[in-house]
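Okay, so here's the structure we're looking at.
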Amino acid sequence: DGDPGEPMLVQTDLALPAVVSALGAKGWTSSQTSLSSEILGAIVPSRQALGNHATWPLTHLGRQPLATLTRVETADLRLVLRKWGSDFEVRNAQGTSLLLLVSVTADRLDPVFFGFALLEEAALAPDQLSSAKNALREALQPLSGPPLEIQGGPVLLPR
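The number in the numbering used here is simply the position in the sequence shown, starting from 1, with 3 added.
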């Protein structure tokens with residue numbers, strides 16, 4: 004917190020389990036690590052493969068994500084998708100639900116010595132972010148109503 008954050012690519016009021024399930028069907032794997040293991044993984048060199056590392060520790064407004072999923076893209080690049088709760092609820096005829104924010108970042112390993120490497124956050128190019136946004140829209144749209152998109156803003160996927 005305090006640093007410019009990653010862009011929120013999607014906002015939705017879909018139920019969290021449905022979002023996790025839909026993304027799991029598209030190759031995303033749930034990451035079940037604690038903030039302390041994320042911090043240790045970021046500062047202690049390791050010989051683990053990238054897919055076995057805890058994700059880079061991030062918070063949003065001082066809060067941990069509600070869910071974190073990963074997908075290894077190449078041997079040295081892993082996408083990390085985080086679902087954050089917001090302070091907003093959406094009310095409609097179906098009831099009230101929490102507005103979820105979805106962001107995507109990337110991790111990579113930085114070799115340091117004797118086969119050990121440190122986890123570091125990797126920058127995503129604008130075309131990679133656009134591709135991630137399109138993939139999220141495609142994965143979640145079957146669960147939602149028609150998507151709404153403001154040019155340059157997040158995709159809004161209502162239930």
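Yeah, the Cβ is synthetic: ideal placement off N, Cα and C, and Gly gets one too. Since the structure is predicted, the reported quantities are computational estimates derived from the model, not experimental observations.
Item                                                                 : Value
G5 to T108 span [Cα, whole Å]                                        : With a pLDDT of only 43 at G5, under 50, the local geometry of the prediction cannot be trusted, and the value read off the model is given with reservation. Rounded to whole angstroms, G5 to T108 spans 17 Å at the Cα level.
Sub-7 Å separation of T58 and V83 beta-carbons                       : yes
Start-to-end residues for the beta strand (DSSP E) that takes in N95 : 80 to 95
Buried versus exposed, by CB contacts within 10 Å (16 or more), E123 : exposed
A125 vs L112 beta-carbon contact at 7 Å                              : no
Identity of the residue in E9, A96, G54, S49 nearest A78 by Cα       : G54
Rounded C-alpha distance that separates Q35 from D90                 : 24 Å
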